[in-house]
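So that you can map any letter, position 171 of the sequence shown is 185 in my numbering, and since no number is skipped, the others follow by simple counting. Using N, Cα and C, we set each Cβ at its ideal position, and we do this for glycine too. One structure below.
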Amino acid sequence: MEYDSIMNEYDSKLFDVLAQSSNRTFFFASNMKDNTARWSKGAVEYFGLGSELLYPADIEWLKRIHPDDKGAYLKDFEDMANHVSAYHDVEYRMLNAEGDYVWVNCKGYMTYDEEGNMDFFAGFVTNLGVRNKIDPVTGLWTLHEFRKDTEELLYNNKCGAAVLIGLNNFKRINDEFGYSYGDKTLYAAAHKMLGVRTPGTRIYRMDGSDFALLLENAACEQVAREVEKMQQAFFSLEIERNQVQLDFRAGAVLFPQNGKYIDQIMSNMLIALENAKSAGGRGVSIYTEEMHLKKTRMLRLRDAMRECVNEGFKGFSIVMQPIIDSRTGKGTSCETLLRWSDERFPEIGPMEFIPVLEDTAFIIPVGKWIIEQVLKYLNEWEERGLHAIEKVHVNVSYIQLHDDDLVDFTVSKLNEYHIAPERLVLELTESCRIGRIDELTQRLQKFKDQGISIALDDFGTGYASLAVLKDIPTDIVKLDHTMIKSVVGTEKERKLIEFIISFCNNVGIIVCAEGVENTTIMGIVNEAGAGLLQGYYFDKPLRVEEFYNKYVK
Ligand code: C2E
Ligand code: CA
Ligand code: CA
């Protein structure tokens, strides 16, 4: 019998019976010494092996493995040869008789002779399938498979982690270089991940530019390590011989504790990923109950704010905080700040609701409403013959600048209420500087051309640097209160603020020191040459009526 070298008659029968047990599983047994293998009939047909006896077994099998997966396969054999492990468990793509690559999982066990050489090797290959299971762009498992595999783990009471990986800026790659380049990027990213994954970690292509990992039996530390490895690998990404900067954020869910069924895991992964994106920084964010509460509050907040905007800006109001001219000590201008009151969200402040208005783009109509309110008040005061307030500052978010109508709207309202454009100052918050400087400058210049002034808000936080001042048309720089507070700290911090102020003064930019809370701070910033002062030491933001009584009348 031709299989003599591999198995005796009894073993051969057992082999035949096992081989019949499943049409997705193929059995093999190999004699490592003479490099022969016997494969079940199903495998012969499915992979087009020609005969049940394969010789030379290694070369005949290897030539059907996808080139990208050969490395992992050979590495596993090397480990077996070196006694690292006698267990073989590898997934790779295999060419079938029809010439399609299909994913297979190969499991086996090696025995050794007395000298420790590989002797007998047997196991089975499971056909994991083709099409809609495999993403054609990356060769990874699809979302469908992710759901199926996760459900299987849950069903078998296994614990583990599901990680959602979202590429940063992928849309920009598609927009700038086209979809085919985008596809190549996804392919390269997928293969970087495959190259560094810990054996056992499964990788999937989800919707769009998202990937997912499935780790069995993993806790927070393993998840963090796995994500870290992949992030590292992304540093050396090369596409068409170009170095590509690609980074991602990751959100993870530990199951079953934070996901008992697949849809819960899917939605919690998204929440964790969103959290990772908004938190900034690298690393993976692991889903917590608190994130969920935050998210539901945010959704409720969105609904409530939408309702209020649609009901004629119900609950919105403005407050005014005086800005003091340091030479005269008088409040000659003010900053307008938004407030919103709603019994469903008691004590909510702008730090929480402004980001919601920005995300939903409601800041565009609300921002216009604010401008109109302020101009209306100024007009009323003028009609009473009161001119104490020279300039009003209004905060403007980044996305408001993308509203092409804002300039025309502002100019028409200035005309309607007979207010000179020089009396309006737009304060640009930090987020305004995340975009492209040239585009921002262009948009701001349109306001400048109309005579409207520009203030850079929150200077000294985040990315703001003196260099932006040479590009952005700026009239006023507002030094952030966190920076101002530091002047009572070290000599170095004080020197830095003195330097910024004198630099600005030299190039004709007025500095407004925010967060002046006491006489010490006031003394220091005054001495350093700040032209404008603002802070609790003078006044908190006041209701308009109160502001009128104290500063206008
Ligand atoms: P901002 O533009 O930097 O506004 C100054 C914030 O500092 C205000 O907080 C003000 O109440 C607070 N503040 C004033 N003096 C002091 C002080 O001496 N010490 C300290 N620690 N804080 C002081 P508020 O009103 O809570 O506003 C927070 C942020 O919300 C604003 O920061 C701004 O970024 C945003 N915001 C407020 N109103 C509007 C608006 O109408 N439109 C837009 N786009 N953003 C707004
Ligand atoms: Ca401001
Ligand atoms: Ca500020």
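Of all the options the options, which has the alpha carbon lying nearest to the alpha carbon of residue i?
i	options	result
L442	E349, M497, T504 and D463	E349
W354	D339, E541, S331 and Y301	S331
F29	M46, A51 and K47	A51
Q548	S340, Q278, L251 and G113	S340
D72	V58, P81 and M46	M46
W53	A136, L88 and L268	A136
Y201	D163, L260, A233 and L228	L260
W383	K328, E361 and N119	K328
S19	N49, V31 and S35	N49
A176	M124, L251, N141 and Y275	Y275
V151	D93, F138, Y218 and E166	Y218
D277	D418, G85, L157 and F376	L157
G543	G56, E560, R508 and K77	R508
I378	H407, P360, L420 and R398	L420
Q464	T424, G113 and Q34	T424
Q459	S426, K499, K427 and L415	L415
Y126	G222, V333, A95 and G153	A95
Exposed or buried, which one is residue i when buried takes at least 16 other CB atoms within 10 Å?
i	result
G513	Looking at the sequence provided, one finds Phe at residue 513 rather than Gly. Result: exposed.
Q246	exposed
K492	buried
E288	buried
E105	buried
P70	exposed
G295	exposed
M365	exposed
V98	exposed
P555	buried
S411	buried
C234	exposed
M15	Legend: pLDDT at M15 = 44, less than 50; position of this residue unreliable, no value from coordinates given.
P336	buried
E488	First, the residue type needs correcting, since residue 488 is Thr and not Glu in the sequence shown. That one is buried.
Consult DSSP for residue i and reduce its assignment to one of helix, strand or coil.
i	result
H160	For clarity, residue 160 is Phe in the given sequence; the question names His instead. Three-state DSSP puts F160 in a helix.
C518	helix
F359	coil
M15	Only weak support exists for where M15 lies, its pLDDT of 44 falling under 50; the coordinates are left without a value.
V370	helix
I384	helix
M323	Correcting the residue identity first, residue 323 is Val in this sequence and not Met. Looking at V323 - three-state DSSP - the assignment turns out to be helix.
T13	Nothing in the structure corresponds to residue 13, since the chain is present only between 15 and 567.
L420	helix
K567	coil
E252	strand
F552	coil
G209	helix
R78	coil
I451	helix
F41	strand
Q257	strand
N49	coil
A375	coil
G85	helix
I538	helix
V530	coil
A266	strand
K462	helix
S26	helix
S411	coil
K405	strand
I600	Here the chain has residues from 15 to 567 only, and residue 600 is not among them.
G56	helix
Return yes when the Cβ of residue j is within less than 8 Å of the Cβ of residue i, no when it is not.
i	j	result
E240	T199	no
L178	A100	no
E528	H495	yes
N409	D472	no
V439	I486	no
K185	L400	no
E404	R437	yes
N141	R38	yes
F138	K162	no
N119	G174	no
L546	F517	no
Inset, instruction - Please specify which runs of the beta strand (DSSP E), each continuous and at least 3 residues long, are wholly inside the region 94 to 175, giving them in chain order. - result: 101 to 109, 115 to 126 and 132 to 143
Inset, instruction - Write down every uninterrupted run of the alpha helix (DSSP H) in the region 470 to 514 whose length is 4 residues or greater and which is fully enclosed by it, in chain order. - result: 482 to 485 and 495 to 499
Legend entry - Ranges of the beta strand (DSSP E) found wholly within the region 286 to 358, counting only runs of at least 3: 298 to 300, 330 to 339 and 344 to 354
Legend entry - Completely contained alpha helix (DSSP H) runs for the region 215 to 241, where each covers 4 or more residues: none
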